[in-house]
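In my numbering, the protein residues as written are 75 to 439. Cβ coordinates follow ideal geometry from the N, Cα and C atoms, glycine included. It should be emphasised that the depicted structure is a prediction, and the values quoted were computed from it without experimental measurement. All remarks here apply to the structure that follows.
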């Protein structure tokens with residue numbers, strides 16, 4: 075392999091694919107990046123056997139070829155190059171780097187040792203609006219479980235049916251659901267691991283109008299954003315029948331300013347740290363009170379004006395979950411519906427563009 079390309083584009087591509095390179099792995103080859111030069115582009119590939127990333131970088135090819143070298147070392151060398159142009163030349167399993175005032179040689183490993191990235195055999199390719207998908211994933215993903223003892227909860231459930239895309243995540247203590255109507259979207263149902271979701275969110279750049287292509291296979295998905303391709307395994311299993319826990323009626327409905335409720339909840343959470351983040355919410359007439367107390371710290375009560383429909387009530391919630399739900403929305407006002415103090419609390423944005431909700435299970439106080 076003998077190629078030349080710009081330092082900036084190479085450094086950017088290395089930065090993207092390096093995110094899935096493991097620092098501690100039982101397979102040394104997984105700490106490497108595969109470089110393949112052919113057809114006028116350099117393809118950079120990395121994988122941790124769960125997620126694989128590929129980035130294509132335009133280059134001038136004098137001789138096609140491939141080599142695999144340590145990701146961290148290559149990234150550090152390229153970041154340290156001050157020259158605009160870089161020349162890469164492979165010599166067996168080694169990679170030679172040449173630039174103005176810089177000469178380096180990296181020892182690699184046999185290309186045949188690099189794991190094959192799965193081919194996603196999808197019958198249909200779905201085009202989705204990139205920024206809308208990014209926003210929806212950000213809104214629901216904070217409710218996903220980080221505990222992999224229940225794998226189906228450690229991801230985001232996507233279900234497309236009759237042109238309606240539903241995204242859901244839950245850790246069994248809270249739940250987030252988003253629905254959006256899209257045209258010409260194939261029907262599919264998958265559970266995407268939370269780490270993959272986080273990587274997809276990172277890939278979508280609000281400053282670039284990249285397309286978002288989704289291919290769904292039997293056990294993997296492929297996402298293409300601009301010049302970046304992501305392949306990930308899917309979580310096997312059936313997502314819980316979550317609809318049955320969403321209340322269909324409410325005895326109490328309040329409307330309030332989202333930022334004001336977040337502010338008083340954040341203040342009360344300082345006093346709730348030693349009590350499992352528990353805050354008590356009292357609703358009466360035109361006021362909502364958030365109360366928290368810890369024996370070693372003290373206590374706090376904050377008030378907020380609200381619009382109340384229905385009966386006064388009270389409920390105890392996890393302050394962190396409430397803040398996560400409020401920060402997921404961007405709308406200025408939220409609607410909160412409640413029934414008994416031992417039944418779920420549902421939070422929705424007022425006048426949001428899509429169907430959105432966050433559900434929080436109550437705490438026993």
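query: From residue 77 to residue 121, what does the alpha carbon distance come to, in whole angstroms?; result: 23 Å
query: Under the DSSP definition of a beta bridge, which residues are partnered with residue 243?; result: 250
query: Under three-state DSSP, which class holds residue 238?; result: strand
query: Are the CB atoms of residue 88 and residue 107 nearer to each other than 8 Å?; result: yes
query: Below 8 Å, can you find three or more Cβ-Cβ pairs linking the region 383-397 to the region 339-358?; result: yes
query: Spatial neighbours of residue 428 within its chain, please: CB distance less than 7 Å, with the 5 preceding and 5 following residues excluded, ordered by chain position.; result: 252, 253 and 254
query: Is it a yes or a no for the region 184-192 touching the region 226-243, going by three-plus beta-carbon pairs under 8 Å?; result: no
query: Please give me, in chain order, every unbroken run of the beta strand (DSSP E) with length at least 3 that falls completely inside the region 149-221.; result: 159-165, 168-173, 176-181 and 199-202
query: Measure the Cβ-Cβ separation of residue 161 and residue 75 and say whether it is below 8 Å.; result: no
query: Between residue 125 and residue 308, which are expected to be in contact by the criterion C-beta below 8 Å, what is the C-beta distance as a whole number of angstroms?; result: No, residue 125 and residue 308 are not in contact; Cβ-Cβ is about 11 Å, not under 8 Å.
query: Would you check if there are 3 or more beta carbon pairs closer than 8 Å linking the region 213-227 to the region 307-322?; result: yes
query: Going by Cα to Cα distance, which pick from 192, 378, 191 and 272 is closest to residue 207?; result: 272
query: Give me the Cα-Cα distance between residue 382 and residue 362, rounded to the nearest whole angstrom.; result: 9 Å
query: Helix, strand or coil: how does DSSP classify residue 339 here?; result: helix
query: Could you check whether residue 389 and residue 440 sit closer than 8 Å to each other, using their CB atoms as the reference points?; result: No answer is possible for residue 440: it lies beyond the span of the chain, which begins at 75 and ends at 439.
query: Helix, strand or coil for residue 120, going by three-state DSSP, please let me know.; result: strand
query: Grouping DSSP H, G and I as helix and E and B as strand, with all else coil, what is residue 356?; result: strand
query: Please classify residue 81 as buried or exposed, where buried requires at least 16 other C-beta atoms within 10 Å of its C-beta.; result: buried
query: What runs of the alpha helix (DSSP H), each 4 residues or longer, lie entirely inside the region 380-416?; result: 393-402
query: Taking buried to mean at least 16 other C-beta atoms within 10 Å of its own C-beta, is residue 326 buried or exposed?; result: buried
query: Given residue 130, which residues of its chain have a CB within under 6 Å of its CB, disregarding the five upstream and five downstream residues?; result: 115, 117 and 301
query: Pull up the CB-CB distance for residue 285 and residue 201, whole angstroms please, since I reckon it's below 8 Å.; result: 6 Å
query: By the DSSP assignment, the beta strand (DSSP E) with residue 139 in it spans what residues?; result: 139-144
query: From 365, 287, 123 and 416, pick the residue whose C-alpha is nearest to that of residue 100; which is it?; result: 123
query: Determine whether the beta carbon atoms of residue 196 and residue 291 lie at a separation below 8 Å.; result: yes
query: Quick one: what's got a C-beta closer than 6 Å to residue 349's C-beta in the same chain, skipping five residues either side?; result: 368
query: How far does the beta strand (DSSP E) with residue 126 in it reach, from first residue to last?; result: 125-132
query: Residue 366 by DSSP, collapsed to three states: which one?; result: strand
query: Can you list, in chain order, the residues of its chain whose CB lies under 7 Å from that of residue 385, leaving out five sequence neighbours each side?; result: 325 and 326
query: Would you kindly work out how many angstroms separate the C-alpha atoms of residue 94 and residue 334, rounded to a whole number?; result: 39 Å
query: So is residue 182 buried or exposed if we call it buried at 16+ other beta carbons inside 10 Å?; result: buried
query: How big is the Cα-Cα spacing for residue 270 and residue 146?; result: 21 Å
query: Indicate whether residue 288 and residue 299 have their beta-carbon atoms separated by less than 8 Å.; result: no
query: Per the DSSP calculation, residue 289 is bridged to which residue(s)?; result: 199 and 296
query: Give the range of the alpha helix (DSSP H) segment to which residue 301 is assigned.; result: Element bounds for residue 301: n/a, residue is neither H nor E.
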